[in-house]
Structure formats: structure tokens, C-alpha cells
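Numbering (my numbering), first residue to last: 1 to 630.
No residue lacks a Cβ here, since even glycine has one placed at the ideal position from N, Cα and C.
These figures come from a predicted structure and were not determined experimentally.
For reference, the structure is listed below as C-alpha cells.
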């Protein structure tokens, strides 16, 4: 949809031209019942129209591509643009995100019972919590007496033989529900559906996702668009030959793909907000953002109650620039509304806070992971560069690999895109450019509990503002932001990754300088844990064959992975022991403790290897029973 028909195009894939006289109405070439109606369906505006007056899909030209909508207007059939996991995935997390992106707005109610996830268990029986696919199909089918009788016979045969009578393998349906939300993509409303599983998927099982289609091409079955037209799906299954029959049940015109699980229930490493930025060109406009939980190996995962679960919290840094709303803590999507400040920026924050974790050996409940997206407000009727995609504006200029200057082809004064047009651009700004910052630093944030942050510091000049550009490749900076401060903290970075930073100065005329020199930083967690608290120790000499020093402290689980105990006769003890993630450690068989003083101290160590300042005690020699160290 969206173009006007050309030549002998006799389908309704394209919009019609409502300005043509009746005798030239292209809709009549398709069916006598159709006429071109302006500003209808997916063909908005007075310059475009849809072919309307249909009562069945067959009247709309090619039924493979077009159907008759609820408004009696012909409409393009919905298509699936993107799925997750990808059809080639062979090591998916057992809590993988299962997502389907459609090319248009869908009827969310039609998803119920029409999106199925089924695992191939071969000759094995379906595990607890799943349902045999034939059983599901029977339960969803209203069925006549003959169908019910045949179903009973199959059950009887299965009981005798121990397996389904006609099934080559057992396809078992995963329990869950389908939720959906709409997004705006380049002015087109589209629907994203997500299948929410009740329990983790089983390891090393091939799962097939079946999106049921319009079986008879009459828009009476399967998932439907918002206009009421059914899906004519494709089979993306990587199994050869691609499966479309499961336990004897055929799914014609369904969209089918499969993936194979690994053995891990995965954890969140970062939060990705999609899109990473968006331009608002008018006040009080809504736009939907999506947050995705991402693992360390780049997979997207979903929350599972009582296993590995989290809640979402959304917010904006400056509520005078934009506001955000969401309905539930389980929502991974939120609606941002632009304010009335015509030239402003702020950041949208999506925070995932772990609420349940029975997967990892360390208790991670309470840990928060933050993702962000930039919100730009620029109310200008004719911005430069032109806005082709509000999620990619402003354009970020980068040098070509061959170091070629930005240039144009051959031109002449008379050509439509000639030298005069070039000069207009060159003379657009006549102000002298300010100097780029020269005195500035970038360091790891010593106050960040788990790293992932950098601190920018610089010398401020009067009437100047400053902008930072950064990315993971020198010369290609995919993120920019206006600095406040100094200092300024950059968040959302990945530990143990190299980032490149440049700064610019902006004077009171809003003219921006060239880039400063490039500075690089390997982002790390450099904040040491706090010194262990409530550290105490005692000498136990009740057994003269095993003189001991028993140390204890308060166990902390927040980002601490182990404790190190050091002991010896000097204030800088040389002997070290790994106490693990425990609240105490006993030093044994100190035979010289009757004649030698000892020092003992304990340090906390985090996941990045940072050690805390030690807590140290003095244990006097010659204890005859049990003596406290001081």
C-alpha cells in the first residue's frame, strides 16, 4: 500500500487515484462492485484512496495479497516483518523472548489461540505443564459428533500402543499467553506480539512457532489485521523439508519457524531501549518506546514468575521536556508525550529491577539495570538536514573509509543541483567557529558500584556550552549529548569495552566547534567494596594441639563474590586464604601462638576483582583459653 497503480496493475496492493473520472476508475478493472473512495483504510489523504464496496476477499483482485476489510474496502494482507528468536537460532535461552513484528496494525484479540509454540519431543511423552498439540486442536475446535468419536478412537488406540496412532513425533504445546502493543514506524502503525511463557522452556528441544493464517483466503480464520483481513503466511522453518503438519494437523497459510534451546536460563546484562532516540517535531505528541532485556551474549529474554523475574520502571530526566506513562510494572513498553519546549533534549530511562532469582548461585534480587534513549524536541517546520526518519535525526556525519571529502558530482551553474546550491549550504553559517576544548579528561567512575560509567571533566569558558560524542570506534560516534556540569557522568556503557570520546564547544551564537582530540577509555568497575563490618576475632587455645584464630564478619551479597583473609606475625600479613562467600574463617594449627603475636585482617572482593580496605585486628600471644583479638 502507499503507491498509486501504474500500467495494467489490476490488484489492490496499491492505492487508487480518487481524482480520476468514473470511467477511468482503476478499481473497476478489478471488480464492478468497487469504486475508489478517498482517504480510506491504509490510503490516507485526499490524493489517495482505497477500492471499496467489496463483500468478499475474492472481489479484491489477487486474494493471495489482498482481502476485503470490515469497512468493505480492499486492504493489503498483513505480513510478518521480523520474528525472534531468529529461525536459525540453535542455542536460545530457555527464557528467550518470543516476538512477532507485523507490518501493520493488527487485531490483538485475534491472537488468542492463533499463536502456538510447540516443542518436538520425538517419541517421549509430553512433559507436565504442556499439552499434546492434537488435544489443543480438539479443544479449540467446536467439533461435530463424528470428530469427537474419531478423537475417542484415537485416544483408545494410543492407550493400547503407548503412542499417538498417526503421529511421527509428539509436538507438545507450551502454556502461555500472547500480549501485544502498537508502535509507530516512519508514520505507519504496526503491532508487535509477544508470547509470554509460564515456565522455562526445556533444554535442547526444537520449538516451532505457528502463527495461524487465513486457511481459505476469506479472512475468517487465523490472525487478523485491524481492518479484518487475514494473514497469508510463509513457512520459514529451517527443518528440511519445512514442517506444516504437526501430529496430523495441517496449518495452511500459517507463518511457521523454529528454534532450538540451549541449556541455560539466562540473566540480564543490559537493558536496550528501542528506538535509541526519537525526534518530536510538535508538542503533546505520543510515541511508544520498548525496553528489551539483553544477555551478555546478545540474546533477548523474558521474565518468568517464580524463576527469574523483574519489574520495569520508566522515567524521564526532565519532566518539563517530556512525560512518560505505563500501566503495569510488567510492561516493557511505555508511551512518551512531548512537552511544549521547542528546542530541548532529555533522556528516557527504563530500569529493570530483579525481583526473583532462583537461577544464579548469588542472590541478585534488588539489582537494577538501566537503559536509556534520547528524546529530542525540535519544533521547526523546515529543519536541516531534512527529517527522513525521526529515529535517525540529526544525521551523524562520519568520514568514509577512503577518507574522501563530502562532495558532489559534476555540476554547472545551470544545473538544478549546481554550485549555487552548494554555496547556499556553505554560506549557511557565517559565524567564526569557536575553538574545540583542549583541557578535559575522561576517567572511569570511581563511585559506580558496578562500573559501566565514565566521568567527563573539563575547563569551562564563559558563555560556552559543551557537547560530547562517543562510540566504540574512533571516528564513528553513534551517541551525542549536551553536557551539564562539570563533571558529567556518562551511563549505560559496557565494562571491559573500549570507548572513544570527543568534545565540542558551542558559543552563544550556537555555532559548534570542530571535534577535540580523541580520548579513549577501557570502561571498568573501579569502585572497591566497603570494608567488612562487624569484624571480630578470638584466639581459641582450648586444644593445645590446634591453636586457632576464629574470625567473623557481616556477610554482604551486593556485588561481593568472596572474602580474603590475611594473617601473620607482622602488621602487613603475608599469608592469604580465600574465605569464599562466607561470614567467617578459622585459621588453624598455629603452634607458635603461645609465644608469637598475630595480626588478622579481612577484605571484601567484588566481581571486577576490586578489594576493599581491610579490617584488621591484633591477637596477643599466650592465651590460655579463649581470648578476644583487639
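Terminal residues of the beta strand (DSSP E) in which residue i lies
i: residue 363; result: Run containing residue 363: none; DSSP gives neither H nor E here.
i: residue 599; result: 598-606
i: residue 124; result: Run containing residue 124: none; DSSP gives neither H nor E here.
i: residue 257; result: 255-260
i: residue 394; result: Note, residue 394: premise wrong, no beta strand (DSSP E); not H, not E.
i: residue 308; result: 308-316
i: residue 326; result: That residue, residue 326, is in no beta strand (DSSP E); it is neither H nor E in DSSP.
i: residue 458; result: 454-458
i: residue 99; result: 99-102
i: residue 519; result: 519-522
i: residue 492; result: Premise fails: residue 492 is in no beta strand (DSSP E) and is neither H nor E.
i: residue 272; result: 270-274
i: residue 178; result: 176-185
i: residue 474; result: First-last for residue 474: undefined, no H or E at that position.
i: residue 552; result: 548-552
i: residue 214; result: Careful: residue 214 lies outside any beta strand (DSSP E) and carries neither H nor E.
i: residue 294; result: 286-294
i: residue 561; result: 560-568
i: residue 556; result: Counting along the chain, residue 556 falls outside any beta strand (DSSP E), and DSSP gives it neither H nor E.
Check whether residue i and residue j have beta carbons under 8 Å apart
i: residue 588; j: residue 601; result: no
i: residue 286; j: residue 205; result: no
i: residue 512; j: residue 462; result: no
i: residue 493; j: residue 454; result: yes
i: residue 69; j: residue 227; result: yes
i: residue 631; j: residue 371; result: Nothing in the structure corresponds to residue 631, since the chain is present only between 1 and 630.
Neighbourhood of residue i by C-beta, 8 Å cutoff - its chain only, sequence neighbours within 5 removed
i: residue 515; result: 436, 469, 502, 503 and 504
i: residue 329; result: 311, 312 and 313
i: residue 268; result: 293, 294, 295, 301, 310, 352, 354 and 369
i: residue 132; result: 126, 164, 170, 171, 172, 173 and 247
i: residue 497; result: 472, 522 and 523
DSSP state of residue i mapped onto helix, strand, coil
i: residue 57; result: helix
i: residue 109; result: helix
i: residue 592; result: helix
i: residue 27; result: helix
i: residue 226; result: coil
i: residue 22; result: helix
i: residue 468; result: strand
i: residue 134; result: helix
i: residue 440; result: strand
i: residue 609; result: coil
i: residue 377; result: strand
i: residue 17; result: coil
i: residue 540; result: strand
i: residue 195; result: strand
i: residue 247; result: coil
i: residue 535; result: coil
i: residue 446; result: coil
i: residue 629; result: coil
i: residue 419; result: The predicted model places residue 419 with a pLDDT of 37, which falls under 50 and marks its position as unreliable; any figure quoted below should be read in that light. Residue 419: helix per DSSP, three-state reduction.
i: residue 147; result: Confidence at residue 147 is low in this model, with a pLDDT of 41, below 50, so the placement of that residue should be treated as unreliable; the coordinate-derived value is given next. Looking at residue 147 - three-state DSSP - the assignment turns out to be helix.
Beta-carbon proximity list for residue i, same chain, < 7 Å, skipping 5 on both sides
i: residue 181; result: 192, 288 and 333
i: residue 572; result: none
i: residue 250; result: 244
i: residue 625; result: 541 and 542
6 Å Cβ shell around residue i - same chain, five flanking residues per side excluded
i: residue 446; result: 526 and 527
i: residue 325; result: 335
i: residue 627; result: 539
i: residue 393; result: 279 and 387
i: residue 383; result: none
i: residue 613; result: 531
i: residue 479; result: 470
Residues that residue i bridges to, as DSSP identifies them
i: residue 509; result: In DSSP, residue 509 forms no bridge with anything.
i: residue 74; result: 68
i: residue 236; result: Paired residue(s): none; residue 236 is not in a bridge.
i: residue 481; result: 468
i: residue 43; result: 40
Short CB-CB distance (under 8 Å) between residue i and chain D
i: residue 624; result: The structure shown contains no chain D, having only a single protein chain.
Residue i beta carbon near the ligand MN (any heavy atom closer than 7 Å)
i: residue 83; result: Of the ligands one can find in the structure shown there are none, so the ligand MN has no counterpart to examine.
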